[in-house]
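Asker:
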Amino acid sequence: MRILARICASAALCTPALAHAQNVLLGGQIKLGLDATSVSGAANPGGTASRVFRESNQTSFFFLDGKEDLGNGARALYHLEWDFSADTGAQGAGRAFYVGVDSATFGRLQLGRQSVYFSHHWFITDTHGAFDAAPSAANSLNVIGSINGANFAGNYLNNTVRYETPDFGGFAVMASYSFDAEQPGAGRNRTWYLSPSYTKGPLNIGFYHMQRNSQGILPLQTVGSLDQMADKLAFGYTYNGLRLGAVVDRNRVDDKVTGSRQDRIAFAVPLSYATGPHLFSLTYGQALPVHQNGSTLAETGARMLSVSYQYTLSKRTWLDVTAVELRNQSNGRYNFWLGGLNGSSPLPLQDAGARVRMYYAGIKHQF
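Residue numbers for the sequence shown follow the numbering used here, so the first one is -3 and each next one is one higher.
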């Protein structure tokens, strides 16, 4: 990263005209902590109990963000963002990479690798474990992201064209189309996404609809026989530091080869209160039992509860302590969205019904 900063500084010195025309920002976050994580309580033959005390990375990343004024209220922009494991130094595959144009009159157009569906309700209701200092395992995506731990809805998708309308009195719409794997002869392999929202004062409302066709094992971008349709409604309201949210999510997957269909409904209720340097957060979530071809698969739901306390050291540094438990019904296989044990998500079949817990203490620093 020092080399990258030097390159940026050298470029600014060597091209003063461009330096005045462009605004380039190097930033990101490092989020690390100590956690005690366990999987226990599975009653099936071969079920395993796992427990670990470790240092864990919690969504650390860095980015280059550039903007150039084009005049008449328009600007060109780009964003390059890579995740990395701050505990080991390993660099990930990358998060968001796009280039586009932005205008207060005509809206914003972006082309590249961009987020679709899974995370956008965070801006309306639930930053718990996403943008605050809590671990990623505290987030509501543990139960509203997948169908019994599989077929996660949404992702960072390659080959995506995204358009955002201007704000019309609080109303705005985001729409995107992803060419997905771009494999010759797989014309149906694509993703449509539409998200209208209303943001005015303390009130935030968002609706999110995604349709993915001819996918392989979700959420990967490969060609296969799976069609996925997901819908989410999110509501948030803030009053004197108290923030209340509600999220309802429906995820459905059809296998065009076998004719099988699975779907489930899940919800989450995030609550937070900020006073001075203190932030208290609580999220309750529940996934209802899965339906397969119209019939209910018994005991395939799960409940979660996460509680966090965050203390602000400065404008860029926070401390956090968190306790979170994900409790499966006897045939439930939900695991932590990130940071889980026993094969991550879904839990292995023999571990169905397990309880997943994490106790965490960590630090987040932005730069």
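All C-beta atoms in this analysis are idealised placements derived from N, C-alpha and C, irrespective of residue type, glycine included.
#1: For the pair the region 85 to 102 and the region 127 to 145, tell me if three or more CB-CB distances fall below 8 Å.
#2: Beta strand (DSSP E) containing asparagine 53: first to last residue?
#3: Can you tell which of Leu137, Tyr194, Val219 and Asp83 has the C-alpha that lies nearest to the C-alpha of histidine 124?
#4: In the region 91 to 149, which residue ranges form an unbroken beta strand (DSSP E) of at least 3 residues, counting only runs that do not cross its ends?
#5: Kindly indicate which three-state DSSP category alanine 13 falls into: helix, strand or coil?
#6: Along the chain, where does the beta strand (DSSP E) that runs through proline 266 open and close?
#7: Assuming aspartate 79 and phenylalanine 57 are in contact, meaning their beta carbons sit under 8 Å apart, how far apart are those beta carbons, in whole angstroms?
#8: So, do the region 306 to 318 and the region 97 to 117 have three or more beta carbon pairs nearer to each other than 8 Å?
#9: For serine 52 and serine 268, what's the separation of their Cα atoms in angstroms?
#10: If we count the other Cβ atoms within 10 Å of its Cβ and call it buried at 16 or more, is lysine 360 buried or exposed?
#11: Give me, in chain order, the residues of the same chain whose beta-carbon lies closer than 8 Å to that of asparagine 40; leave out the 5 immediate sequence neighbours on both sides.
#12: Please state whether DSSP places aspartate 163 in a helix, a strand or coil.
#13: From asparagine 135 to threonine 254, what does the alpha carbon distance come to, in whole angstroms?
#14: Under the three-state reduction of DSSP, which class applies to leucine 216: helix, strand or coil?
#15: Buried or exposed: leucine 9, going by 16 or more other Cβ atoms within 10 Å of its Cβ?
#16: Just how far apart, CA to CA, sit methionine 170 and arginine 186?
#17: Less than 8 Å separating the beta-carbons of alanine 357 and glycine 29?
#18: Just curious, the beta strand (DSSP E) that valine 253 is in, first and last residue?
#19: Could you spell out the range, first to last residue, of the beta strand (DSSP E) harbouring aspartate 226?
#20: For the putative contact between leucine 60 and leucine 73, defined by C-beta atoms under 8 Å, what is the C-beta separation to the nearest angstrom?
#21: Does the region 321 to 333 come into contact with the region 151 to 160, if we say contact requires no fewer than three beta-carbon pairs (one atom in each stretch) closer than 8 Å?
#22: When you compare each of Gly202, Gly150 and Ala168 to phenylalanine 102 by their alpha carbons, which one comes out closest?
#23: Does aspartate 347 come out as helix, strand or coil in the three-state DSSP assignment?
#24: Determine the closest residue to tyrosine 305 out of Gly62, Ser277 and Met354, with distance taken between C-alpha atoms.
#25: Mind checking leucine 199: buried by the 16 CB within 10 Å criterion, or exposed?
#26: I'd like to know if the region 215 to 222 and the region 257 to 265 are in contact, where contact means that at least 3 CB-CB pairs between them fall below 8 Å.
#27: Between which residues of its own chain and leucine 275 is the CB-CB distance below 6 Å, once the five residues before and five after are set aside?
#28: Could you give the distance in angstroms between the alpha-carbon of valine 20 and the alpha-carbon of glutamine 217?
#29: Would DSSP call valine 286 helix, strand or coil?
#30: Flag this pair as touching only if the region 230 to 241 and the region 205 to 213 have three or more C-beta atom pairs under 8 Å; answer yes or no.
#31: Do leucine 153 and arginine 104 count as a contact pair if the criterion is CB distance below 8 Å?
Answerer: With the structure as the only source:
#1: no
#2: 46 to 53
#3: Leu137
#4: 93 to 99 and 103 to 112
#5: Interpretation of alanine 13 is limited by its pLDDT of 41, a score under 50 that renders its predicted location unreliable; the figure taken from the coordinates is listed afterwards. Three-state result, alanine 13: helix.
#6: 257 to 271
#7: 4 Å
#8: no
#9: 24 Å
#10: buried
#11: Leu345, Gln346, Asp347, Ala348 and Gly349
#12: coil
#13: 33 Å
#14: coil
#15: Reliability of the predicted coordinates at leucine 9 is poor, the pLDDT of 37 falling under 50, and the value obtained from them is presented with this limitation in mind. Exposed is the call here.
#16: 17 Å
#17: yes
#18: Run containing valine 253: none; DSSP gives neither H nor E here.
#19: Note on residue identity: the sequence assigns alanine, not aspartate, to residue 226. Start and end: 222 to 235.
#20: Between leucine 73 and leucine 60 the Cβ distance is about 11 Å, and since that is not below 8 Å, they are no contact.
#21: no
#22: Ala168
#23: helix
#24: Ser277
#25: exposed
#26: no
#27: Gln306
#28: 31 Å
#29: coil
#30: no
#31: no
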